Amino acid sequence: FLFAIGWAGIFARRFYAAPHFLEPWPVVAESAADSVAQGGQVLTNSLPLLYDLNIALARRGLPADPLPGWTTNPAVFSLYHAPLPPNWARGQVLFVRGVNPIARQWTDEAYTWLLAHCRLQSTRNLLPDPAFQLKNRFFPGTLVSPYRITIDRFLCPASP
Numbered sequence: 280f281l282f283a284i285g286w287a288g289i290f291a292r293r294f295y296a297a298p299h300f301l302e303p304w305p306v307v308a309e310s311a312a313d314s315v316a317q318g319g320q321v322l323t324n325s326l327p328l329l330y331d332l333n334i335a336l337a338r339r340g341l342p343a344d345p346l347p348g349w350t351t352n353p354a355v356f357s358l359y360h361a362p363l364p365p366n367w368a369r370g371q372v373l374f375v376r377g378v379n380p381i382a383r384q385w386t387d388e389a390y391t392w393l394l395a396h397c398r399l400q401s402t403r404n405l406l407p408d409p410a411f412q413l414k415n416r417f418f419p420g421t422l423v424s425p426y427r428i429t430i431d432r433f434l435c436p437a438s439p
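Reminder that position 85 of the sequence shown reads as 364 in my numbering, one-by-one numbering, no gaps.
Dropping the structure here:
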């Protein structure tokens, strides 16, 4: 009975403490790979995205690692490789942010830098966190967004 109730909460995408495996990273990776194929760049704080993005890039014949996992495509930047190289942002930049307390400072710094140097074209929020208010009440200041995934599209100067 408890097993059935637990899985019902997971499939309903509510009442579950860690919905990481429910996040639509493969879909986001396909969109990010399309952006790279069109000459854009991707910046992320998400390890699951890097994994799925490597597969999506290889499927398109773009530079990717031979084994699925961490991508080394020159148009993909990870906030785990801080600091970012100088003059990295040019043209279309897709900034994909997931819930990641480890890279939070780097994520905030990168977002602030992009807002100061580039033009924000669009923001898309995916997978609302139904427990956001409750988490903020008991753990104030630990969460930044009521969404599990935020995708910002920036247009940066050709040569920063």
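Yeah, the Cβ is synthetic: ideal placement off N, Cα and C, and Gly gets one too. These numbers come from a predicted model, not from an experiment.
Per-residue burial, THR429 [other beta carbons within 10 Å of its own, 16 or more giving buried]
With 16 or more other Cβ atoms within 10 Å, it is buried.
Report the residue from PHE282, ALA283 and VAL375 whose alpha carbon sits nearest the alpha carbon of PRO327.
That would be VAL375, whose Cα lies nearest to the Cα of PRO327.
Is it a yes or a no for the stretch 349–357 touching the stretch 401–411, going by three-plus beta-carbon pairs under 8 Å?
Contact annotation: the stretch 349–357 does not touch the stretch 401–411, with fewer than three C-beta pairs closer than 8 Å.
Whole-angstrom C-beta distance between ALA312 and LEU281, which should lie under 8 Å:
Between LEU281 and ALA312 the beta-carbon gap is near 40 Å, outside 8 Å, which marks them as no contact.
By a C-beta neighbour count over all protein chains shown, 10 Å radius and 16 as the cutoff for buried, is ALA437 buried or exposed?
ALA437 is exposed by the Cβ-count criterion.
Of the listed residues ALA382, ILE381, LEU329 and VAL372, nearest to ARG432 (C-alpha basis)
ARG432 has its Cα closest to that of VAL372, out of ALA382, ILE381, LEU329 and VAL372.
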